[in-house]
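2 protein chains.
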Amino acid sequence: MTSLTPRRRVPGPTLRDVAALAGVSLKTASRVLNDGPNVSSATRQAVQEAMESLSYEPDPAARSLRAGHDRTVGVVVDSVGDIFFSELAATLESVLDAAGYSCLLASSNRQEGRERDIVRSLVRRRCAGVIVAPTTPASISAADLAGTPVVFVDRVGHVEGAASVVSDDPGMAFEATRHLLAHGHRRVALLSDSLDLPTTRGRQEGYRRALTEAGVEVAPELMRMECDDESSAMRQVREVLDLADPATAIFSCSSRLSLGVVPALHQFGRTDVALVSFGDFTMADSVQPAVTVVDHSARRIAQTAAEALLAHLPPHDPTHGPTGVIEVPARLIPRGTGEIAAPPTPQQMSRA
Amino acid sequence: MTSLTPRRRVPGPTLRDVAALAGVSLKTASRVLNDGPNVSSATRQAVQEAMESLSYEPDPAARSLRAGHDRTVGVVVDSVGDIFFSELAATLESVLDAAGYSCLLASSNRQEGRERDIVRSLVRRRCAGVIVAPTTPASISAADLAGTPVVFVDRVGHVEGAASVVSDDPGMAFEATRHLLAHGHRRVALLSDSLDLPTTRGRQEGYRRALTEAGVEVAPELMRMECDDESSAMRQVREVLDLADPATAIFSCSSRLSLGVVPALHQFGRTDVALVSFGDFTMADSVQPAVTVVDHSARRIAQTAAEALLAHLPPHDPTHGPTGVIEVPARLIPRGTGEIAAPPTPQQMSRA
DNA sequence: CTCGCAGATGACACCGTTGTCAACGGGTCC
DNA sequence: GGACCCGTTGACAACGGTGTCATCTGCGAG
Numbered sequence: 099m100t101s102l103t104p105r106r107r108v109p110g111p112t113l114r115d116v117a118a119l120a121g122v123s124l125k126t127a128s129r130v131l132n133d134g135p136n137v138s139s140a141t142r143q144a145v146q147e148a149m150e151s152l153s154y155e156p157d158p159a160a161r162s163l164r165a166g167h168d169r170t171v172g173v174v175v176d177s178v179g180d181i182f183f184s185e186l187a188a189t190l191e192s193v194l195d196a197a198g199y200s201c202l203l204a205s206s207n208r209q210e211g212r213e214r215d216i217v218r219s220l221v222r223r224r225c226a227g228v229i230v231a232p233t234t235p236a237s238i239s240a241a242d243l244a245g246t247p248v249v250f251v252d253r254v255g256h257v258e259g260a261a262s263v264v265s266d267d268p269g270m271a272f273e274a275t276r277h278l279l280a281h282g283h284r285r286v287a288l289l290s291d292s293l294d295l296p297t298t299r300g301r302q303e304g305y306r307r308a309l310t311e312a313g314v315e316v317a318p319e320l321m322r323m324e325c326d327d328e329s330s331a332m333r334q335v336r337e338v339l340d341l342a343d344p345a346t347a348i349f350s351c352s353s354r355l356s357l358g359v360v361p362a363l364h365q366f367g368r369t370d371v372a373l374v375s376f377g378d379f380t381m382a383d384s385v386q387p388a389v390t391v392v393d394h395s396a397r398r399i400a401q402t403a404a405e406a407l408l409a410h411l412p413p414h415d416p417t418h419g420p421t422g423v424i425e426v427p428a429r430l431i432p433r434g435t436g437e438i439a440a441p442p443t444p445q446q447m448s449r450a
Numbered sequence: 099m100t101s102l103t104p105r106r107r108v109p110g111p112t113l114r115d116v117a118a119l120a121g122v123s124l125k126t127a128s129r130v131l132n133d134g135p136n137v138s139s140a141t142r143q144a145v146q147e148a149m150e151s152l153s154y155e156p157d158p159a160a161r162s163l164r165a166g167h168d169r170t171v172g173v174v175v176d177s178v179g180d181i182f183f184s185e186l187a188a189t190l191e192s193v194l195d196a197a198g199y200s201c202l203l204a205s206s207n208r209q210e211g212r213e214r215d216i217v218r219s220l221v222r223r224r225c226a227g228v229i230v231a232p233t234t235p236a237s238i239s240a241a242d243l244a245g246t247p248v249v250f251v252d253r254v255g256h257v258e259g260a261a262s263v264v265s266d267d268p269g270m271a272f273e274a275t276r277h278l279l280a281h282g283h284r285r286v287a288l289l290s291d292s293l294d295l296p297t298t299r300g301r302q303e304g305y306r307r308a309l310t311e312a313g314v315e316v317a318p319e320l321m322r323m324e325c326d327d328e329s330s331a332m333r334q335v336r337e338v339l340d341l342a343d344p345a346t347a348i349f350s351c352s353s354r355l356s357l358g359v360v361p362a363l364h365q366f367g368r369t370d371v372a373l374v375s376f377g378d379f380t381m382a383d384s385v386q387p388a389v390t391v392v393d394h395s396a397r398r399i400a401q402t403a404a405e406a407l408l409a410h411l412p413p414h415d416p417t418h419g420p421t422g423v424i425e426v427p428a429r430l431i432p433r434g435t436g437e438i439a440a441p442p443t444p445q446q447m448s449r450a
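Protein chains in written order, with the working numbering: chain A, 99 to 450; chain B, 99 to 450.
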């Protein structure tokens, strides 16, 4: 009972076996494995042949233990199941894989405590580095990292020497809203989630600024900040369209919400309502009319973040990687819904 | 240059420190850590207090190296970015996390070679177990696993003693098709991807069998097996609707394709066409009419697979976990599109 | 001819943990 | 009272690599 044999693992060849076969010492074999200096080409070749013939693979655990780091990058996102983060994760994985790193992926479920636990555990694992979508700017501290390089994604994290790769939330929200205003809309509804994330705040801020600069009143009844899933988004859409002075355009703050807004508009038969979605999504360019979006591409953020992290990892000089906030260019993709003109207002009609 | 210090890692407390503080030997501390037998309660408590006060955390690498296994489960899916697999992965992660395992997630991108490489690398890492969506039934062999417990998901994998958690593809496809036939349809189009996966084949088979049993001709021009993304699905929808003897119902073999079919039908204004989707998706019950789906819930498959794997892992007896093909019950969820009746055919009309 | 130096190689300790086995002390049973 | 046993404990080696330092060889400089 004490010695229940959990199905015997078949041990692979070790570096010792390689060394023995090549007729050299363990250390020399190690040098060849790591492209170390001072190895004669004859020796190097002998060892390489031995590795080949045994189909030797180094043991990551042993390496990690001794060397203090390994070829794994930890990735912490809100949820792997979320459309945005799943794309982000997929891209991170492919970029890091190309650089010889594997990914340890975990979901924080937006809980700060869980996020910190996960990061600590990744650090304990001697991950080469971590990539985190922080729930709050200060959710992760330098102490949690214990020197492990980190790059934040999607939201800014405050850790000395760390980079944060984000899109320009206020700026792009500003542009999206201005785009709607430019098509004559004065009643632009804002759909946003209720969370107090910097991302969310930034987008709300951009919306407000665009209205203000255009001299349009910021109407509280048009700002709907309780949309946490598709169905609540649908409900809010109905409400802003049913107002006495109804919305004629909608700015949806996330692709998740847009997944509720689009069906809602279709269901109500209101394809005359303008819409810009912050965040592209699968069906955006196949629905009719196609949805105008701000593309803050998960792919591009992931690509940039992965490269930023790699610059902090060996063989690069870890002190010279990028630092601070990196804004990934986002762009407005006009596809149809954003270009729907506002109907003439009663005032305009009477004035004419 | 040789000794470039990659930002000094701060080493955490080791078990040795704990032992020293508690005034016991390293081994005794280890015994407490692992709930080993034969430790006096006084000693146990002293060690636990020492661990507490140092906030000690065991080192997974060292543990893995010495014990030959660790608390990590490798997960290999087609792509983390795919809607189905991202949900699958999210659920696996949460179930395994609750059992104290972390996940190492990787995408095979449906390449058999890459899949095998990933699995081998996971095995080398001494993962406690792996969960794989195999590209082919024989893509992974017992030799690749070297004794590591495995559970296959979504598709059947052939490895002695391994469980495969799948939904009843032929059966549910049969039922979906029969559902459409029961509403009077005789021209039911099949939309499927071109891959030669058992899953795909099973669904095609169920479709054929339903038609045959109902005495309906299996029409080649209605079987569209070249749909590999949303846009090709849209194209195929147009084509089957434009036939001289057009389709009146569509059976879409995957949620990914349905994401193209639904917008296509909306765009063509053909909400009179019946549709059943194999696989639920976010917008399915919010579009109008809502989409009837076969729910082969990623969540349920993941849950079952995680439990099957856990049963093969310590502290359970690894030889007594479930084995063979486990079919997760799927169910047809009628929501609207599947219940649209067929228009009377010319034959029926003239006969009347 | 000797010294020194650099390239090549290996012996050994060590990373943090767990398995093996021996030692110790106290009680039980003849 | 001695043999025996069991619960408790610790010394030691080992897992598979890498860092440190010593050793050895050959060769050009003085």
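For glycine and all other residues, C-beta sits at the position ideal for the given N, C-alpha and C.
Bear in mind the structure is a predicted one, so any value in this text is a computation, not a measurement.
- Counting only runs of at least 4 residues, the region 287-330 of chain A fully encloses the following alpha helix (DSSP H) elements, listed from N- to C-terminal order: 296-311.
- Closer than 8 Å to the CB of S356(A) there is not a single CB belonging to chain B.
- Between the C-alpha atoms of V175(A) and D343(B) there is a straight-line separation of about 50 Å.
- With a threshold of 8 Å between beta carbons, V108(A) makes contact with chain B.
- By the criterion of at least three beta-carbon pairs nearer than 8 Å, the region 243-257 of chain A is in contact with the region 396-406 of chain A.
- For V108(B), the three-state secondary structure derived from DSSP is coil.
- Contact with chain B is found for R224(A), since one of that chain's Cβ atoms lies less than 8 Å from the residue's Cβ.
- Close CB contacts of R285(B) within its chain, under the 6 Å cut and outside five residues either way in sequence, are with A345 and T346 (chain order).
- A396(B) sits away from A388(B), with the two beta carbons spaced by 8 Å or more.
- Residue environment for T435(B): buried (at least 16 other C-beta atoms within 10 angstroms of its C-beta).
- Taking A118(B) as reference, the option from V145(B), L288(B), V130(B) and H410(B) with the minimal CA-CA separation is V145(B).
- DSSP lists V171(B) as the bridge partner or partners of G227(B).
- In terms of beta-carbon proximity, D267(A) stays away from the interface with chain B, with every pair separated by 8 Å or more.
- DSSP, reduced to helix, strand and coil, places T380(B) outside both helices and strands of the structure shown, so it counts as coil.
- When 8 Å is used as the limit between beta carbons, E191(B) is near these residues of chain A: V178, L203, A204 and S205, in chain order.
- R322(B) places its beta carbon less than 8 Å from that of S290(B).
- Annotation: the continuous alpha helix (DSSP H) that includes E147(B) extends over S139 to L152.
- Judged by their CB atoms, A287(B) and V338(B) are nearer to each other than the 8 Å cut-off.
- Using beta-carbon distances, T390(A) does not count as an interface residue toward chain B, since no partner is under 8 Å.
- Runs of the beta strand (DSSP E) lying entirely within the region 337-386 of chain B, each at least 3 residues long, are 347-350 and 372-376 in chain order.
- Identification of residues in the region 154-166 of chain A having a C-beta nearer than 8 Å to some C-beta of chain B yields E155, D157, P158, A159, A160, S162, L163 and G166, given in sequence order.
- When the beta-carbon positions are compared, E155(A) and G110(A) come within less than 8 Å of each other.
- By the neighbour-count criterion, in which a residue is buried when 16 or more other Cβ atoms sit within 10 angstroms of its Cβ, L355(A) is buried.
- Not a single CB atom of chain B sits nearer than 8 Å to the CB of M270(A).
- Per the C-alpha coordinates, the member of A362(B), R253(B) and R223(B) positioned closest to A165(B) is R223(B).
- In this structure, the beta-carbon distance from R368(A) to D393(A) does not fall below 8 Å.
- In the DSSP assignment, T275(B) falls outside any beta strand (DSSP E) and within the unbroken alpha helix (DSSP H) covering D267 to A280.
- Following the DSSP letters along the chain, one finds G211(B) inside the alpha helix (DSSP H) bounded by residues E210 to R222.
- The secondary-structure analysis by DSSP pairs F250(A) across a beta bridge with V230(A) and S262(A).
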